[in-house]
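Below is one structure, written out as structure tokens, with a few remarks after it.
See the structure below:
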């Protein structure tokens with residue numbers, strides 16, 4: 273006799289959030305902001321970045337620049353979609369590796 | 726990558742913005758300025774725009790931004806004469822913000838529609 277196999281549903285986290293600090297010497301302006309946005313664009317998930325109560329679309333360079341995030345600021349990254357965990361992993365690596 | 730052409734009455738404005746957009750988005754995007762009249766004064770010429778478009782084109786299309794008034798007309802005349810095929814797209818966008826948004830989208834490998842849309846959506850973006 274065989275035991276009935278319980279159907280396991282693949283659970284995809286619909287929404288993930290993580291906080292990461294900018295390197296102390298790097299503000300989220302011009303080139304660093306573009307590097308961040310280009311990383312976000314690689315993913316299908318909707319990604320936002322929050323700084324001091326302001327939230328921006330992480331795929332919009334103008335929205336990210338408008339945050340005016342200075343070095344050392346904590347960014348709250350939120351991703352929604354099937355590749356959300358991968359998007360957040362990539363963005364955390366991107367932020368911690370940013371240089372001027 | 727989608728090329729970007731910046732048309733201004735001013736040589737300095739077109740070249741300065743091209744330098745800024747390249748600095749932000751990275752040197753791999755072709756951002757080509759077309760600014761100033763034939764005598765070195767303020768103005769725009771169809772020839773300068775035509776040559777900037779051909780330098781910017783790499784097969785993925787070109788987004789053209791113009792500063793004001795007659796530079797917009799210069800581009801429109803040129804595209805009408807050339808039997809515009811949709812591959813060269815004049816966008817109705819703020820000059821500085823539109824150029825930066827378009828250059829970054831292009832450098833991220835987005836297509837002509839996405840790059841043009843990013844430039845046009847720059848109209849609604851707040852600076853702070």
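Chains as they are written, first to last, in the working numbering: chain A, 273 to 372; chain B, 726 to 853. We put the beta carbon where it would ideally sit given N, CA and C, even for glycine.
Our two residues, residue 821 (chain B) and residue 767 (chain B), have alpha carbons roughly 18 Å apart in a direct line.
One thing to note: residue 759 (chain B) has its Cβ within 8 Å of the Cβ of residue 773 (chain B). A residue is called buried once 16 or more other Cβ atoms fall within 10 Å of its Cβ, and residue 793 (chain B), having fewer, is exposed. Under the three-pair Cβ rule at 8 Å, the region 774-790 of chain B counts as touching the region 800-817 of chain B. For residue 316 (chain A), no Cβ of chain B is located within less than 8 Å of the residue's own Cβ. Residue 836 (chain B) is a Cβ neighbour of residue 727 (chain B), given a cutoff of 8 Å.
Residue 832 (chain B) belongs to the set of residues whose beta carbon lies under 8 Å from a beta carbon in chain A.
Here DSSP, grouped into helix, strand and coil, assigns residue 772 (chain B) to helix. Each residue's CA atom was taken as its position, placing residue 736 (chain B) and residue 853 (chain B) some 29 Å apart. The beta-carbon of residue 340 (chain A) is placed less than 8 Å from the nearest beta-carbon of chain B. Cα atoms of residue 334 (chain A) and residue 849 (chain B): separation of roughly 10 Å, rounded to the nearest angstrom.
Secondary structure in the region 747-796 of chain B: the beta strand (DSSP E) runs of 3 residues or longer, each lying completely within the stretch, are 756-760 and 787-791 in chain order. Below 8 Å, too few C-beta pairs join the region 349-365 of chain A and the region 787-801 of chain B to call them touching: fewer than three. Annotation: residue 361 (chain A) to residue 292 (chain A) spans about 11 Å, alpha carbon to alpha carbon. Counting C-beta pairs closer than 8 Å gives fewer than three between the region 736-748 of chain B and the region 334-344 of chain A, which falls short of the contact rule. Between residue 368 (chain A) and residue 300 (chain A), the alpha-carbon positions lie close to 12 Å from each other.
Excluding the 5 residues flanking it on each side, residue 336 (chain A) has same chain C-beta neighbours closer than 7 Å at 300, 305, 308, 309, 321, 328 and 330, in chain order. In the structure shown, the three-state DSSP call for residue 318 (chain A) is strand.
Linking residue 763 (chain B) to residue 778 (chain B) through their CA atoms gives a straight-line distance of about 17 Å.
Interface criterion met: the Cβ of residue 309 (chain A) is under 8 Å from a Cβ in chain B. Taking a Cβ-Cβ threshold of 9 Å, none of the residues of chain A is close to residue 754 (chain B); the smallest such distance is about 10 Å. Scanning chain A for C-beta atoms nearer than 7 Å to the C-beta of residue 853 (chain B) yields 338 and 340, reported in chain order.
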